[in-house]
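For reference, the structure is listed below as structure tokens.
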Amino acid sequence: MFIRAQLSAQVATVVDFLVSIVLNQGFGIYYVYATLTGSVSGGLVNCAINYKWTFHTEDCGPMYVLFKYLLVWLGSIGLNLWGTYLLTEFLTMQQSRLHLTDSTAFILSKVITSVTVAVCWNYNLHRMFVFKDAQINNRLKNRIKQIKHRHGNKKTS
Numbered sequence: 001m002f003i004r005a006q007l008s009a010q011v012a013t014v015v016d017f018l019v020s021i022v023l024n025q026g027f028g029i030y031y032v033y034a035t036l037t038g039s040v041s042g043g044l045v046n047c048a049i050n051y052k053w054t055f056h057t058e059d060c061g062p063m064y065v066l067f068k069y070l071l072v073w074l075g076s077i078g079l080n081l082w083g084t085y086l087l088t089e090f091l092t093m094q095q096s097r098l099h100l101t102d103s104t105a106f107i108l109s110k111v112i113t114s115v116t117v118a119v120c121w122n123y124n125l126h127r128m129f130v131f132k133d134a135q136i137n138n139r140l141k142n143r144i145k146q147i148k149h150r151h152g153n154k155k156t157s
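First residue of the sequence shown? That's 1 in UniProt numbering, and the numbers climb one at a time after it.
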């Protein structure tokens, strides 16, 4: 499963990096916006591959997986954005000592941050929370039913 998850992550990372770098280097879009757009693109690809191939989600309905994926994805996007921003800013302040261009600092920051977030955050939460925990799905279903029932009662009162 880890190898399939890493292959899925690699495909998503290629999409993420291509979008980010093309937007930043090719179109001159500020690297934070380019990173956000790349993360969203890569995340969509990753979710689709993981749902169908990586984690074999027979016990998880797509709507519940999507809800949980969005929660994890928001954290991932935040970590990628802030990690890339902080590391890029740090490296550009060290430019004279490290002999890095702005472009190199951005790409290096993107790589380091992406790998760290993918292994430490995404893989673990996808494996243990998003794609495998049917009990959480049942609890979510029950909670949604409770909320609908309460709202239904309020409308008829």
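Backbone N, C-alpha and C define an ideal beta-carbon position, used for all residues, glycine too. The model shown is predicted, which means the values in this text are computed figures rather than measured ones.
Find the nearest neighbour of residue i within the set the options, judged by alpha-carbon distance.
i, options, result
"methionine 63", "Val130, Thr54, Leu100 and Ile147", "Val130"
"tryptophan 121", "Leu71, Gln94 and Thr104", "Leu71"
"serine 8", "Trp82, Arg143 and Asn50", "Asn50"
"isoleucine 112", "Tyr33, Asn46, Leu91 and Tyr69", "Leu91"
"valine 40", "Gly61, Val65, Leu74 and Gly26", "Leu74"
"leucine 66", "His99, Cys47, Ser96 and Lys52", "Cys47"
"glycine 61", "Gln146, Phe27 and Arg139", "Arg139"
"alanine 34", "Gln10, Ser103, Tyr123 and Phe55", "Ser103"
"lysine 68", "Met128, Met93 and Gly26", "Met128"
"glutamine 10", "Gly152, His151 and Ala118", "Ala118"
Just how far apart, CA to CA, sit residue i and residue j?
i, j, result
"glutamate 89", "serine 109", "9 Å"
"valine 14", "glycine 43", "11 Å"
"alanine 5", "asparagine 24", "28 Å"
"valine 19", "isoleucine 77", "15 Å"
"leucine 79", "threonine 116", "10 Å"
"threonine 156", "tryptophan 53", "In this prediction, threonine 156 scores a pLDDT of 47, lower than 50, which makes its location untrustworthy; no coordinate-derived value is stated."
"leucine 125", "lysine 145", "25 Å"
"asparagine 142", "arginine 97", "58 Å"
"serine 114", "leucine 87", "12 Å"
"alanine 12", "leucine 100", "27 Å"
"glycine 26", "glutamine 94", "25 Å"
"leucine 36", "alanine 105", "17 Å"
What are the boundary residues of the alpha helix (DSSP H) that includes residue i?
i, result
"leucine 36", "31-49"
"glycine 78", "62-93"
"arginine 4", "2-21"
"phenylalanine 106", "102-117"
Under 7 Å from any heavy atom of the ligand SAM, does the C-beta of residue i make it?
i, result
"threonine 92", "No copy of the ligand SAM occurs in the structure displayed, which carries no ligand at all."
Do residue i and residue j have their CB atoms nearer than 8 Å?
i, j, result
"leucine 81", "valine 45", "no"
"isoleucine 21", "isoleucine 107", "yes"
"glycine 38", "phenylalanine 55", "no"
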